[in-house]
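A.B. asks: Sharing a structure below in structure tokens format, with a few things to ask.
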Amino acid sequence: MAAPDHRAPGDPGTLATLLSDDPAEVAAHLLDGWLISQLGERVAVRITEVEAYGGVGQDPGSHAHRRRTPRNAAMFGPVGHAYVYFTYGMHWCANAVCADSGIAGAVLLRAGAPLTGLDDMWAARPAARRVRDLCSGPAKLCQALGLDGAFDGADLVAREGRVTVVDDGVEPPAEPGVSTRVGLSAGSDHPWRWYVPGDENVSARRTGTRRGRAGRAEAAGG
DNA sequence: CTTTGGATCGTCT
DNA sequence: GACGATCCAAAGG
-16 MAAPDHRAPG
-6 DPGTLATLLS
4 DDPAEVAAHL
14 LDGWLISQLG
24 ERVAVRITEV
34 EAYGGVGQDP
44 GSHAHRRRTP
54 RNAAMFGPVG
64 HAYVYFTYGM
74 HWCANAVCAD
84 SGIAGAVLLR
94 AGAPLTGLDD
104 MWAARPAARR
114 VRDLCSGPAK
124 LCQALGLDGA
134 FDGADLVARE
144 GRVTVVDDGV
154 EPPAEPGVST
164 RVGLSAGSDH
174 PWRWYVPGDE
184 NVSARRTGTR
194 RGRAGRAEAA
204 GG
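The first sequence begins at -16 in the numbering used here and counts up by one.
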């Protein structure tokens, strides 16, 4: 909820190295890292939920499963850059590209805990009622940080980028929550979703008959 | 608190 | 022409 005072963004350089590996290997390491944008002043969140997506022929749930297309091109590009896509006719979602060069892969940034720039986030998300409504979902996160198609391909590990993912040196959870991915019709069997246990800034999984199975409020429990 | 239906358009078949 | 890596308002317990 409130921003811990002791946290301070560090050197983004080490992150590029981290991301040069399989999405499923690196995804959980992004938990508790910082995602910062320059909407208004400085808007920052602590990453609380991520999902891994694989490359061609590796992952039926991935946009890159079939082949490279104009939309998913960023997934085949440099590690540490953003893959931002438009979905459901109205929402943007952002990924951090990873995997070795030439092999498509990405980590979807699904949720975050607001740290700084709360005023800008409230302004960017009029529908939000509580703090946990600001960034508790991939499209909410993008809206709160002002991320859209203009950020597709942006360098997330550049020292002075418009959007930056930063490792603040704080270790990610020793035992992160794990589950299957949200909202998929294919590839939903892989346990490639990770989240900070007990954090309320985590997306709610739909429990209805449309998809998925018995998911619950996994933010609870600890 | 939970559940349901609707919005809305780019992308790929 | 179909379907989303989703969110929100409304309605019911």
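Note that CB positions come from ideal geometry on N, CA and C, so glycine has one too.
1. Looking only at its chain, what residues have a beta carbon closer than 8 Å to the beta carbon of D172, apart from the 5 residues adjacent to it on each side?
2. Are the CB atoms of L167 and A79 nearer to each other than 8 Å?
3. Taking just the CA atoms, how far does Y71 sit from A87?
4. Give the straight-line distance between the Cα atoms of P155 and R50, rounded to the nearest whole angstrom.
5. For the beta strand (DSSP E) containing V165, list its first residue and its last residue.
6. Just to confirm the assignment, what range does the alpha helix (DSSP H) spanning C125 have?
7. Taking the alpha carbon of E24 as the point to measure from, which residue in H46, C81 and L101 has its own alpha carbon closest?
8. Where DSSP assigns a beta bridge to P97, which residues make up the other side?
9. DSSP three-state label for N55, please.
C.D. replies: With the structure as the only source:
1. Position 189 of the first sequence, counted from the first residue, corresponds to residue 172. The answer, listed in chain order, is T163.
2. Position 184 of the first sequence, counting from 1, holds the residue named residue 167. Position 96 of the first sequence, counting from 1, holds the residue named residue 79. The answer is no: Cβ separation not under 8 Å.
3. Along the first sequence, one-based indexing puts residue 87 at 104. Along the first sequence, one-based indexing puts residue 71 at 88. Y71 has its alpha-carbon roughly 23 Å from the corresponding atom of A87.
4. Residue 155 sits at position 172 when you count from the first residue of the first sequence. Residue 50 sits at position 67 when you count from the first residue of the first sequence. Approximately 33 Å between the Cα atoms of the pair.
5. Working through the first sequence from its first residue, we reach residue 165 at position 182. Counting along the chain, V165 falls outside any beta strand (DSSP E), and DSSP gives it neither H nor E.
6. In the first sequence, counting from the first residue as 1, residue 125 sits at position 142. Its alpha helix (DSSP H) spans residues P121 to L128.
7. Within the first sequence, the letter at position 41 stands for residue 24. Considering only alpha carbons, the answer is L101.
8. If you number the first sequence from 1, residue 97 lands on position 114. DSSP lists V28 as partners of P97.
9. To locate residue 55, count along the first sequence from 1; it is residue 72. In this structure, N55 counts as helix in the three-state DSSP scheme.
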